[in-house]
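Inspection log for the structure reproduced underneath, given as structure tokens.
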Amino acid sequence: MFTVNENYLKLPGSYLFSTIGKKVAAFESANPDKKIIRLGIGDVTQPLAPAIIEALHKAVDEMADPSTFRGYAPDLGYEFLRKAIVENDYKARNCDIEADEIFVSDGAKSDSGNIQELFGPDCRIAVCDPVYPVYVDSNVMAGRTGVYDKATEVWSNVIYMPTTAENNFVPEFPKETPDVIYLCLPNNPTGTTLNKADLQKWVDYANENKAVIIYDAAYEAYISEEDVAHSIYECEGARTCAIEIRSFSKNAGFTGVRLGFTVVPKDLKVDGVSVRDMWARRHGTKFNGAPYIVQRAGEAVYSEAGKAQLKEQVNYYMQNAKIIKEGLKDAGYTVFGGVNAPYIWLKTPDKMTSWDFFDFLLEKANVVGTPGSGFGPSGEGYFRLTAFGTQEASLEALERIKNL
Ligand code: PLP
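For the sequence shown, full-length UniProt numbering begins at 1 and goes up steadily by one.
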């Protein structure tokens, strides 16, 4: 008889952004005259940069010609892209990473959700709280998280590392020893980063405890402060304990185009077993490559023109971050983030839960944000606004919030 994976039934409610989507749709159908401003989901709004569009057009034309047509892409991704990644993201920062340690994929969501397939069933994961929900949910689906306590919104077998205003949103080493540590830096949703010296402590801790760090650097392009690490491989010893995940969604607007990559160094071994070879096996079996035209577009991200255009795009979003952050401060809110990440993390007004504030903002200002509790129990009492809207929308949203 067919049975289902019962771990899925343990997942509380639907994915955060589906819940928000449903609430907004209900409000919209009841209030068709209201103009809603969406600063909730972290999706970009600026079109693809000209250098990327040009590369896409060229690659599309190649697909129309029998002599340049391409079918299945190589397992790890095209060498032209992996070389561009290594040169620009790693060698340029003195990180010792080779092209055969890069695995090109269709994005960081897939990789950060799939990577747990390599962990043993009894591995204990540690996550920052709050954080991008995919890390915990994908481990729930795999049956690794124990029992869910509805009241506290906590899984019995997950180690939570609370990051709140009290500890300046910096995770502390947990009391129990984890086997896998997820670090998302710059952090979604709090916008926190670690300076190199503090990140080095995590690398040392992982090596000492034979743990693996899954380092999600999807927002690397938004780092503006000098001493913040762009890659975990800037730290000594990271090759033996860290997997890094990157995305083209936030630095280059590929949310609808889809491209990302994961770095698994050859030195990452568990009892002599190469984790890199396991990921290669998984990739070869379950993934058939990102499209050729998209990989060419990814290559253009690293061209001189591409780099200059994307720097402007990042600046545009960070200008929004400033507008939102300053505007909220003027309106009397306590605000964090928005310096090394395109997210503003604010404290909800007195006695309002994150969802109370979501409803309040939707109904009174017709602005959509994301309730902090959706990112983990310690996100309760906080709220996230994204800088990925247009400048006009960011200005108008703040005007409305100020007038509340
Ligand atoms: N990782 C983090 C921390 C994110 O916030 C997101 C998207 O919001 C992703 C990964 C997903 O990236 P991608 O579009 O490459 O799947």
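We treat Cβ as the ideally placed atom computed from N, Cα and C, and that holds for glycine.
Computed from a prediction, not measured in an experiment: that's the story for all the values here.
Comparing C-alpha distances from Ile181 to each of Glu54, Gly21, Val158 shows the shortest one belongs to Val158. Shown here, Asn7 sits in a helix according to DSSP, grouped into three states. Applying a distance threshold of 6 Å between residue Cβ atoms and the heavy atoms of the ligand PLP selects Gly42, Gly107, Ala108, Lys109, Ser112, Tyr132, Cys184, Asn188, Asp216, Ala218, Ser247, Ser249, Thr255, Gly260, given in chain order.
With fewer than 16 other CB atoms across the displayed protein chains lying within 10 angstroms of its CB, Gly13 is exposed. Around Ala229, the same chain offers Lys196, Leu199 as residues with beta carbons nearer than 6 Å, after the five sequence neighbours per side are excluded.
For the pair Ser378 and Asp216, the CB atoms are not nearer than the 8 Å cut-off. Gly374 has its alpha-carbon roughly 10 Å from the corresponding atom of Arg384. As summarised for the stretch 20–49, there are no continuous beta strand (DSSP E) elements at least 3 residues long confined to that stretch.
Scanning its chain for C-beta atoms nearer than 7 Å, with the 5 sequence neighbours on each side dropped, one finds around Ala73 the residues Gly289, Ala290, Tyr292, Gln295, in chain order. Per DSSP, reduced to three states, the secondary structure at Ile181 is strand. Secondary structure note for Met161: its beta strand (DSSP E) is the uninterrupted segment 158–162.
The straight-line gap separating the alpha-carbon atoms of Glu225 and Asn320 is approximately 18 Å.
Counting along the chain, the unbroken beta strand (DSSP E) around Arg246 starts and ends at 242–247. Taking C-alpha positions only, Met318 is separated from Gln391 by approximately 10 Å. Taking a 10 Å sphere around the C-beta of Lys109, we find 16 or more other C-beta atoms and assign the residue as buried.
Between the alpha carbons of Pro349 and Asp359 lies a gap of roughly 13 Å. With a threshold of 16 other beta carbon atoms within 10 Å, His57 falls short and is exposed.
Within the model, the alpha-carbon separation for Ser112 versus Tyr135 is close to 7 Å. Look at the beta carbons and you see the stretch 269–289 not touching the stretch 332–352: under three pairs across the two are nearer than 8 Å. With contacts defined by Cβ atoms closer than 8 Å, Tyr233 and Ala84 do not form a contacting pair. If you compare the alpha carbons of Glu380, Gly376, Gly369, Gly381 with that of Ser394, the shortest gap goes to Gly369. Straight-line spacing of the CA atoms in Lys10 and Tyr148 works out to 7 Å. Distance from the CA of Lys266 to the CA of Leu362, rounded to the nearest whole angstrom, comes to 49 Å. Taking Ala49 as reference, the option from Gly306, Pro174, Trp345 with the minimal CA-CA separation is Gly306.
Taking 8 Å as the cut-off, the Cβ atoms of Val86 and Ile97 count as close.
Under DSSP, Asp149 takes part in a beta bridge, and its partners are Val154.
In this structure, DSSP gives Val136 a helical state, which the three-state scheme calls helix. DSSP places Thr262 in the strand class (E or B) of the three-state scheme.
Apart from sequence neighbours up to five positions away, the residues of its chain that approach Pro133 with a beta-carbon distance below 6 Å are Leu16, ordered along the chain. Excluding sequence positions up to five before and after Ser247, its CB lies within less than 7 Å of the CB of Gly107, Ala108, Ala218, Gly260, all in the same chain and listed in chain order.
According to the DSSP secondary-structure assignment, Val104 is paired through a beta bridge with Phe261. Pro186 and Asn315 do not touch by the CB rule: their CB atoms are close to 16 Å apart, not below 8 Å. In the assembly as shown, Pro189 is a buried residue. Its beta-carbon has 16 or more other beta-carbons within 10 Å. Relative to the Cα of Ile213, the nearest Cα in the group Val203, Glu153, Glu312, Pro342 belongs to Val203. Of the residues Lys150, Trp155, Ala151, the one whose Cα lies closest to the Cα of Met141 is Trp155.
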